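**Q**
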Amino acid sequence: MTKTRVLASLIMAPVAIAAVLLLSTPWIVALSAVLFLAGLWEWFRLAEIEDGLARGILLLANLLLMVALVWASSTDSSGSLVLFKLLTVVGVIWWLLAMLWLRHSGFASDHDTHARVIKLAAATASVIPAWCALALIHAGQPYGHRWLLIALAMIWAADSGAYFAGRRFGRHKLAPNISPNKTVEGLAGGVVAGVLLAVLAAPLAGAELAQLPLVALVALLAILFSVVGDLYESLLKRHVGAKDSGTMIPGHGGLLDRIDSVLAALPVFALGQIWLGF
């Protein structure tokens, strides 16, 4: 399984890097919409929506919301993407609320209609703002494509750093009731790896020396939020007794298993970048 996981990563990483660096913003927005909607399809399964037609209708509703956002933004002559920015803020607020959900892990776990509706709302509140944040980062001039790659690579580095630090030094459980394998030491290792990568790579995206502490701060917050995204998806899987969100990626499980951290981190990174101006 480990060899399969590594091989899949070696294939996916270069493709993702090439797409971010070489595609124009409209194309990367369209491609990311496809990927995020595929993750949303898996989320519907975790929300116990078993009927294919119901899933299809829900997926179409989210797609239409994306289309409406693009259409409304195309009519904005200032090019400010204000709706994308607004929804990015909504995303950050949602993940702050998700932290409370993690503290009360039994909430919406009773498999009834009420719980499903809440989880479906959470799906849209997670996916759409993250997609808006991705668009905002990539659209930034002149190095938006590089900043998006840094944001993604930072999350990947944090994930790898947490894995190796946790295996080597892990002693204290981070959230034993949700994800027993995660440790405080792994979290610390992931933070160090992710922040270090962001700070070292930021000058390649035009960041000045005086801005590097701001980059480090935003990277730190985004990585901490990425852990919230990872834990939240683990909570959803625990509610339904699932090991993975799907089987789309060999050795990795479902697509949602790969983007859960990204969904939570991108709105924070985009908002921090806009607010602090790097």
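The sequence shown begins at 55 in the numbering used here and counts up by one. C-beta atoms are modelled at their ideal positions from N, C-alpha and C, and glycine is treated no differently. Keep in mind the model is a prediction, meaning the values are calculated, not measured.
Can at least three beta-carbon pairs, one atom from the segment 241 to 257 and one from the segment 216 to 231, be found at a separation below 8 Å?
**A** Counting Cβ pairs under 8 Å, three or more are found: they touch.
**Q** Name the DSSP beta bridge partners of residue 229, please?
**A** Answer is 233, bridged to residue 229.
**Q** Please confirm whether residue 260 and residue 208 have their CB atoms less than 8 Å apart.
**A** No, these two residues do not count as a Cβ contact at 8 Å.
**Q** Would you call the segment 173 to 184 and the segment 199 to 217 touching, i.e. three or more CB-CB distances under 8 Å?
**A** Segments in contact, no.
**Q** Express the C-alpha separation of residue 282 and residue 152 in angstroms, rounding to a whole number.
**A** Residue 152 and residue 282: Cα-Cα distance of roughly 8 Å.
**Q** Between the Cα of residue 216 and the Cα atoms of 187, 270, 315, 299, which residue gives the shortest distance?
**A** When only C-alpha atoms are compared, the closest one is 315.
**Q** Taking one C-beta from the segment 293 to 312 and one from the segment 87 to 107 each time, how about it: are there three or more such pairs within less than 8 Å?
**A** In short, these stretches touch, since the Cβ pair count reaches three.
**Q** Using 8 Å as the cut-off, can you tell me whether the segment 316 to 324 makes contact with the segment 267 to 286, which would need three or more C-beta pairs spanning the two stretches below that distance?
**A** These segments touch.
**Q** Considering only the beta carbon of each residue, do residue 325 and residue 146 sit closer than 8 Å?
**A** Their beta carbons are under 8 Å apart, which means residue 325 touches residue 146 by this criterion.
**Q** Quick one: residues in its chain with C-beta nearer than 6 Å to the C-beta of residue 144, no 5 flanking neighbours on either side, listed in chain order?
**A** Cβ neighbours of residue 144 beyond the five flanking positions: 183.
**Q** Could you check the C-alpha separation between residue 263 and residue 330 for me, to the nearest Å?
**A** Going by the C-alpha atoms only, they are around 14 Å apart.
**Q** Using only CA atoms, which one of 258, 246, 292 lies nearest to residue 276?
**A** Closest by alpha carbon: 246.
**Q** Using only CA atoms, which one of 120, 204, 227 lies nearest to residue 88?
**A** Residue 88 has its Cα closest to that of 120, out of 120, 204, 227.
**Q** Is the distance from the Cβ of residue 333 to the Cβ of residue 204 below 8 Å?
**A** In this structure the chain extends from 55 to 332, so residue 333 is not present and cannot be described.
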